[in-house]
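Residues in the sequence shown are numbered from 2 upward in steps of one, following the working numbering.
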Amino acid sequence: MSVRRLLAAFALVSCLPATAQTASDWQRLAPLAQTVKAEEVLSKGIDLTLPLVAENGAAVPLRVNFDTSQLAESEFIRSIRVFSSGNPNSEVIDFHFEAPFSRVELSTRIRLSESQTVFVLAESNQGRQWLNQRDVRVTVSGCLMTGDDSVEAAAMSTPRIALPRNTRPGEAAEVRTLINHPMETGFRETAAGDVIPQQLVESLTIEHNNQPILLVKFHTGTSANPFVSVFLDETDNLLFRWEDQRGERVEEKP
2 MSVRRLLAAF
12 ALVSCLPATA
22 QTASDWQRLA
32 PLAQTVKAEE
42 VLSKGIDLTL
52 PLVAENGAAV
62 PLRVNFDTSQ
72 LAESEFIRSI
82 RVFSSGNPNS
92 EVIDFHFEAP
102 FSRVELSTRI
112 RLSESQTVFV
122 LAESNQGRQW
132 LNQRDVRVTV
142 SGCLMTGDDS
152 VEAAAMSTPR
162 IALPRNTRPG
172 EAAEVRTLIN
182 HPMETGFRET
192 AAGDVIPQQL
202 VESLTIEHNN
212 QPILLVKFHT
222 GTSANPFVSV
232 FLDETDNLLF
242 RWEDQRGERV
252 EEKP
């Protein structure tokens, strides 16, 4: 092979999209491999958006979009879970849908301890599963960031909810929410070398007309001050409920 052809072949391989994957990529990650139950794992229809380079691994923006046209009649997405290949705990954040969503688009911020691969797994109520992945280069670790060395119990505070100003009948609208909390991972140490205890917001439940429609489960891979953006078909009569590891709850109605 000539040098020109060799360079052309190398350029072609280098330009392959990050979604190109082999079965061993996700099979090597035990928590993810144990979650994959379908005989055939699909990829068409699920999109994972992350920066190619994250300068701050403590707050990496992530977006998941699922094309609902890929679903059969009466089929809907039941869960979307995010995993990381290099974090101390590979589970990052989980979304569990209690009802069909016409637009499945989610955004949040995650922690990445090092350069690694992030996976997203979607599952429908009929058991079909979709998988996608992205590689992210991390400049500064997100799990061992220096900061406040306080070991006092962290409290959830100042919940914020942003509803759309204008909605169109029959169209889902974006709803964003955030609550203040340090989300201590249990991996950091104080200046004296003492481990700062893990303190996490465990979950966010969104209800519509007193019925749960979405449950978000946070893990150590979720950034401080957990942020969630979703598209809801109905934005009236909503209730947001956060719960931490101690069982403390904060409720807010927009």
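Positions of the beta carbon are idealized from the N, C-alpha and C atoms, including for glycine. Please read these numbers as outputs of a predicted model, since none were measured by experiment.
Cα-Cα, which of the options is closest to residue i?
i, options, result
"Glu-185", "Pro-198, Ala-173, Val-54 and Ala-73", "Pro-198"
"Val-61", "Glu-41, Ala-155, Val-119 and Glu-40", "Val-119"
"Glu-244", "Asp-26, His-209 and Asn-181", "Asn-181"
"Ala-100", "Ile-162, His-209 and Phe-241", "His-209"
"Met-157", "Leu-240, Glu-115 and Gly-248", "Gly-248"
"Asn-57", "Arg-161, Thr-236, Val-42 and Ser-114", "Ser-114"
"Leu-1", "Ile-111, Gln-71, Ile-214 and Ala-174", "Not covered by the structure: residue 1. The range shown for the chain is 2 to 255."
"Ala-73", "Leu-49, Gln-28, Phe-241 and Gly-128", "Gly-128"
"Leu-239", "Arg-112, Ile-94 and Leu-205", "Leu-205"
"Gly-171", "Thr-236, Val-141 and Ser-142", "Thr-236"
"Arg-110", "Ile-207, Pro-227 and Phe-77", "Pro-227"
"Val-121", "Ala-55, Leu-215, Arg-82 and Glu-175", "Arg-82"
"Leu-179", "Pro-160, Pro-255 and Arg-169", "Pro-160"
"Glu-175", "Leu-216, Ser-108, Pro-213 and Lys-218", "Ser-108"
"Glu-95", "Lys-254, Arg-250, Leu-216 and Pro-255", "A small fix is needed here, since residue 95 is Asp in this sequence, not Glu. Ranking the options by Cα distance to Asp-95, first place goes to Leu-216."
Assign residue i to one of three DSSP states: helix, strand, or coil.
i, result
"Ala-60", "coil"
"Gln-199", "coil"
"Thr-140", "coil"
"Asp-26", "helix"
"Ser-1", "Lying before the first or after the last residue shown, residue 1 is absent from the chain, which here runs from 2 to 255."
"Ser-224", "coil"
"Gln-130", "strand"
"Ser-91", "coil"
"Ser-70", "helix"
"Arg-135", "strand"
"Thr-147", "With a pLDDT of 44 at Thr-147, under the threshold of 50, the predicted position of this residue should be treated as unreliable, and no value is reported."
"His-182", "coil"
"Phe-98", "strand"
"Arg-79", "strand"
"Phe-283", "With the chain covering 2 to 255 only, the question about residue 283 has no answer from this structure."
"Leu-233", "strand"
"Thr-206", "strand"
"Glu-168", "The amino acid at residue 168 is misidentified as Glu; the sequence shows Thr. In the structure shown, Thr-168 sits in coil (DSSP, three-state: anything other than H, G, I, E or B)."
So the alpha helix (DSSP H) residue i belongs to, where does it begin and stop?
i, result
"Ala-34", "31-36"
Looking only at its chain, what residues have a beta carbon closer than 8 Å to the beta carbon of residue i, apart from the 5 residues adjacent to it on each side?
i, result
"Gln-117", "Ser-85, Ser-86, Gly-87, Asn-88, Asp-136, Val-137 and Val-139"
"Arg-79", "His-97, Phe-98, Glu-124, Ser-125 and Asn-126"
"Pro-261", "The first residue shown for the chain is 2 and the last is 255, placing residue 261 beyond what the model contains."
In terms of residues, what are the limits of the beta strand (DSSP E) holding residue i?
i, result
"Thr-159", "158-163"
"Lys-45", "Element bounds for Lys-45: n/a, residue is neither H nor E."
"Leu-240", "239-245"
"Pro-213", "212-219"
"Glu-253", "250-253"
"Glu-106", "105-111"
"Glu-124", "117-125"
Please return the same chain residues whose Cβ sits closer than 6 Å to the Cβ of residue i, not counting the five positions on each side in sequence.
i, result
"Thr-221", "Asn-90 and Thr-186"
"Ile-47", "Phe-67, Ala-123, Trp-131 and Asn-133"
"Gln-28", "Ala-34"
"Glu-252", "Arg-242"
"Arg-177", "Ala-163 and Ser-230"
"Pro-183", "Ala-155 and Ala-225"
"Gln-246", "Leu-201 and Glu-203"
Near residue i, which residues of its chain fall below 7 Å by C-beta distance, leaving aside the five closest residues on each side in sequence?
i, result
"Glu-92", "Pro-32, Phe-84, His-220 and Gly-222"
"Lys-45", "Gln-71"
Does any C-beta atom of chain D lie closer than 9 Å to the C-beta of residue i?
i, result
"Arg-82", "Looking at the structure shown, chain D is missing, and only one protein chain is on hand."
Examine the Cβ distances between the segment 28-47 and the segment 193-208 and report whether three or more of them are shorter than 8 Å.
no
Okay, do the segment 95-112 and the segment 66-84 touch, 3+ Cβ pairs below 8 Å being the bar?
yes
Specify whether the segment 224-242 and the segment 186-194 touch according to this definition: at least 3 beta carbon pairs, one from each stretch, less than 8 Å apart.
no
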